[in-house]
C-alpha cells in the first residue's frame with residue numbers, strides 16, 4: 027500500500043540496508059515506529075551475514091559539495107532551500123543557492139559519452155550527443171521560475187500532519203536557462219502532424235536511478251511541448267554556465283510555467299507517447315486532493331497530475347517573530363509572487379492588520395524591464411512596499427496575496443486547501459511582527 | 027470624471043433627454059440626488075423648446091420581446107439573468123433564458139445588407155457578406171460558457187456598495203456556438219506572419235451605437251485570435267439556430283474562456299492593430315483593483331483589461347433561506363463550476379458546516395462525455411452531491427469551491443477581493459438553509 031511498495035517488495039529475502047540508504051528520507055523515528063507494528067520476528071544471528079555499510083554501498087557517497095547557506099530538508103536525497111531572507115534580494119537566484127530538489131542520488135554523467143535518446147518518432151530511436159544538441163539547434167534563452175509542488179508545505183503541517191519534506195517558503199527560485207528548443211528538436215528529428223494524431227504526451231526520463239535501475243520520470247502534455255509559445259527547453263546552461271550537477275548536468279528539461287517535478291534533470295530519454303509517464307511521481311504523487319480525502323480514501327487516478335501551478339506569493343522580509351521600532355513610522359515589506367502557465371502577476375496586495383485593509387505593492391521584474399509576451403510570463407516578480415505603522419499597534423499581522431492576469435488570486439486560509447500530500451500550499455502568507463516602543 | 031464623461035459633454039447646450047433615454051441605467055433616485063449637487067440654475071421657460079419624449083425618440087423602442095422568466099436587472103439597456111433555480115437543470119442553457127447583457131440598444135440588422143469589415147490586413151479593408159461568411163469557411167461548432175465580469179456582484183454589494191448592475195449568481199450560461207473560425211477568416215483575407223510583427227491585438231466593434239454614433243467595442247490579444255487552439259468564432263448560430271437579436275444577430279464573436287464583454291455582439295468591424303480597443307469598456311471598465319482602491323485613487327491604466335476569468339462556482343440548489351426536513355437525512359446540493367482560459371474544472375468541494383469539513387461533488391459535463399483537449403475546456407461543469415445532515419444541526423451553511431486543472435481555487439471570502447466596480451466576484455458561494463424537525 028505504501029507508495030513505491032512494489033519496489034520495496036523487491037528487497038524481500040535480501041538486505042534492507044541498500045534500500046534504507048537509497049530511500050534515506052524514511053530514516054526518521056516516526057517511520058521506524060510505524061514499521062515496528064509489522065515486525066514478525068528476528069533472524070537467527072547465526073544466519074545473519076554481516077553487511078558492509080561503508081561508503082561504496084552508499085549511492086549518495088559521490089554527491090557534489092553544496093553551499094553552506096542552504097537550509098537542508100533532507101540529505102539523502104539532497105533537498106534544500108535558500109534562506110528566505112536572501113531570496114528576494116536578487117531577481118536571478120544564484121545557482122549555488124537555487125533550491126535543490128533531488129528524488130534520487132545525483133548521477134555522474136560523462137559529457138563525452140552522454141546520449142539523449144528520443145523515441146516515438148517515425149524515424150525510430152534517435153540518439154543525440156551533447157555537442158550535436160549544442161551545434162544543430164539555435165541556443166534559446168529564457169528566464170523562468172521553478173517551484174516545487176511542496177513549497178510552503180510546513181504551513182500545511184501546522185494544520186494537520188502531511189507526508190513530504192517540510193519546505194518553508196523558499197522551494198522556489200528564478201534563473202536564466204539556455205538550450206535547444208524541444209519543439210525544434212522534435213521537428214528536426216521527424217515529428218509530423220500525423221504523429222500528433224495518436225501522441226498526446228511527452229515523457230521524460232532522468233539518468234538518476236533507484237537500486238532497481240528504474241529512472242526518475244515525468245511527462246507533460248504534447249501541446250505544451252509543441253507550442254511555439256510553450257518555450258520548453260532542453261537546457262544545458264543555467265545562469266550562463268554549464269548546469270551544476272544538482273541541477274541536471276549535462277542536460278535537463280525546463281518546462282516554464284509548470285511544476286518543478288516535470289522539469290526532469292539529467293535527461294536521458296524523451297518518449298513521444300499516447301500516454302502519460304507511468305512513473306510513481308506522475309501517477310501516484312504530485313496530485314492535489316480535497317481536504318476531506320485521507321490515505322484510506324484517496325484514489326490517485328481521480329486527480330490530474332499537477333502541471334501548471336496556481337498563483338503564489340510570500341513575504342521574505344520581515345521575518346516571523348522579528349520586530350520594528352515604533353519611531354520608524356513605516357515597515358518595509360518585501361517578497362516574491364509568481365503564477366503558473368505563463369500568467370503574469372499583475373498585482374500584490376499587502377496588509378499589516380491581518381487582511382482588514384490593503385495596500386498595493388510595487389512590482390519589480392528583470393533589470394531589462396521587458397514586458398513578457400501574453401501567456402509567456404515565466405519569471406516571478408519581486409515586490410516591495412513601505413506601509414505606515416498603525417497607531418498604537420503592538421503587533422502586526424503582515425499578509426500578502428497576489429493576482430495574476432487571469433485575475434486568479436490566493437485563498438485566504440490554509441485549512442480548506444490542506445491535502446494529504448501537502449502540495450499546492452498557496453494561501454495568503456502571514457508573518458507576525460512585534461512593534462517595539464523606542465528606547466528612551 | 028464620470029466614466030464616459032466626454033460623451034456626456036457632447037450634450038452641452040442641447041437636450042439631455044436622448045442621453046437619459048440611452049443611458050437609462052442612470053434613471054435612479056440616488057443618481058438624481060448626486061446630480062442635484064451640480065445644479066447651477068434653471069433655463070428661462072420661454073427659451074425652453076418642448077422635447078418630444080414619445081417612442082420615436084426612445085432608442086430602445088424596437089427591442090425584441092423577452093422570456094417572462096428572466097430576472098431583469100436593467101430594462102434599458104436590457105440586462106437580465108435566468109432564475110438561479112433552473113440554471114443547473116440543463117447543461118445547455120436555452121437561448122431564451124441565457125443571460126443577457128446589453129450595453130446599448132439592440133440594433134436591427136438586415137442580413138441582406140449586412141457587411142463585416144476587416145481592417146489592418148495588407149489587402150486593405152475587406153468587406154464580407156453574411157452568405158460569404160457561411161459559404162467560404164467551414165462551419166465550426168464549440169460548446170462554450172459565457173460569464174459576465176459582474177456575475178455575483180450582489181455579494182460584493184453586501185460588503186460595500188459598488189457601481190454596476192446587481193447581478194445574482196446567474197450572469198453565466200452555456201451554449202453551443204457555430205460559425206467561421208476567426209483564425210481561418212484572417213488567414214484567408216491575407217494575414218501573414220509579417221502582420222504579426224506589429225499587430226498585437228484584434229479589435230471588435232459592434233453595430234450597437236450610442237447617440238454620438240460610437241459603437242460598443244473591445245479587443246483580445248492577437249495570439250488568442252490566431253491560435254489553432256484558441257477556437258475564436260465569428261458565430262452566426264447559437265444552440266443550432268440563427269443568433270437571437272439579444273445575442274448578436276446576425277454575427278457575434280465568441281471568444282471562449284474570455285470574459286463576456288470581449289464577445290462582441292452584432293459584429294460590424296474587425297481591426298488588426300498594434301493597440302487595444304480605445305473603447306470605454308476596454309480602457310476604463312472591466313478591470314480589477316485592490317480592495318484598498320477607491321474612486322479617488324483609481325488609475326485605470328494601472329490594471330490590465332480582464333480577458334480570461336478566474337475559477338468560479340456557485341450553488342443553484344437549495345436556495346438561500348429554504349429548509350430541509352431532518353427526516354430526509356441527506357441534503358441534495360447542485361451547482362455549476364467553470365474556469366477561464368480553457369482550464370478544466372477538476373474538482374468541486376462542498377461543505378454543509380461553513381467550510382470545516384468537505385465532500386467531493388460528482389461532476390457532469392456534456393451528454394457526449396467527451397474529454398476536452400488540454401487547455402480547451404470552454405464549457406462549464408454541473409455538479410451534484412448528497413451530503414448527510416449533521417446530527418442536531420438547526421441550520422446548514424452550505425459552501426462550494428471549485429478547483430481547475432492549474433489547481434487554482436476560489437478565495438474564502440468576498441471582502442478581500444472587493445473592488446470598486448464589483449467585478450471578478452468568485453469567493454466561496456455560501457447558502458444558509460434551515461433544518462426543520464419533521465411534522466409529528
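Chains as they are written, first to last, in this note's numbering: chain A, 27 to 466; chain B, 27 to 466.
Where is the CB? At the ideal position from N, CA and C, for every residue including glycine.
For residue 173 of chain B, the enclosing beta strand (DSSP E) covers residues 166 to 173. Taken in chain order, the members of the region 351 to 383 of chain B whose beta-carbon sits within less than 7 Å of a beta-carbon on chain A are 366, 367, 372, 373, 375, 381 and 383.
When C-alpha distances from residue 463 of chain A are compared across A:387, A:268 and A:355, the shortest belongs to A:355.
When the beta-carbon positions are compared, residue 227 of chain B and residue 299 of chain B come within less than 7 Å of each other. A distance below 6 Å between beta-carbons, with the five flanking residues on each side excluded, links residue 205 of chain B to the following residues of its chain, in chain order: 259, 260, 261 and 262.
Secondary structure of residue 298 of chain B (DSSP, three-state): strand. Within chain A, the residues 437, 438, 439 and 442 have their CB atoms less than 7 Å from the CB of residue 438 of chain B, given in chain order. The alpha-carbon separation between residue 172 of chain A and residue 198 of chain A amounts to approximately 6 Å. Chain A has a Cβ within less than 7 Å of the Cβ of residue 433 of chain B. Residues of chain B with a Cβ closer than 9 Å to the Cβ of residue 317 of chain A are, in chain order, 375, 383 and 384. For residue 105 of chain B, the three-state secondary structure derived from DSSP is strand. Per DSSP, residue 184 of chain A lies in no beta strand (DSSP E) segment; the continuous alpha helix (DSSP H) that holds it begins and ends at 179 to 185. Restricting attention to B:402, B:159, B:146 and B:388, the CA atom closest to the CA of residue 216 of chain B is found in B:146. Put simply, the backbone Cα of residue 248 of chain A is about 14 Å away from that of residue 398 of chain B.
Within the same chain, and ignoring the five residues on either side of residue 326 of chain A in sequence, the residues whose Cβ sits closer than 7 Å to its Cβ are 309, 310 and 313. Looking at the DSSP output, residue 284 of chain A bridges to A:334. Taking a 10 Å sphere around the C-beta of residue 236 of chain B, we find 16 or more other C-beta atoms and assign the residue as buried. The beta-bridge partner set that DSSP reports for residue 127 of chain A consists of A:105. Taking the beta carbon of residue 99 of chain A as reference, no residue of chain B falls within 8 Å; the closest one sits roughly 22 Å away.
For residue 209 of chain A, the uninterrupted alpha helix (DSSP H) run begins and ends at 208 to 214, by DSSP. Across the set B:379, B:447 and B:211, the C-alpha of B:379 shows the shortest separation from the C-alpha of residue 420 of chain B. Annotation for residue 409 of chain A: the continuous beta strand (DSSP E) segment containing it runs 407 to 414. When Cβ-Cβ separations below 7 Å define contact, residue 220 of chain A makes no contact with chain B. For residue 249 of chain B, the enclosing alpha helix (DSSP H) covers residues 248 to 252. With a 10 Å radius around the Cβ and a threshold of 16 neighbouring Cβ atoms, residue 169 of chain A comes out buried. Within the region 324 to 346 of chain A, 328, 329, 330, 332, 333, 334, 335, 336 and 337 place their CB atoms closer than 9 Å to a CB of chain B, listed in sequence order. Within 7 Å of the CB of residue 401 of chain B, the CB atoms of chain A belong to 249, in sequence order along the chain.
Assignment of beta-bridge partners to residue 156 of chain A by DSSP yields no partner.
Just measuring C-alpha positions, the residue of A:279, A:90 and A:406 sitting nearest residue 373 of chain A is A:406. For residue 429 of chain A, the chain B residues whose Cβ falls inside 8 Å of its Cβ are 314, in order along the chain. Ranking B:174, B:283 and B:182 by CA distance to the CA of residue 370 of chain B puts B:283 first. Interface flag for residue 389 of chain A against chain B is unset, since no Cβ pair is found closer than 7 Å. Contact annotation: residue 297 of chain B and residue 290 of chain B have beta-carbon atoms that are not nearer than 7 Å. In this structure residue 70 of chain B is exposed. Its beta-carbon is surrounded by fewer than 16 other beta-carbon atoms within 10 angstroms. About 4 Å separates the Cβ atoms of residue 387 of chain B and residue 411 of chain B, confirming a contact at the 8 Å cut-off.
With a contact defined as Cβ atoms closer than 8 Å, residue 415 of chain A and residue 117 of chain A miss out at about 28 Å.
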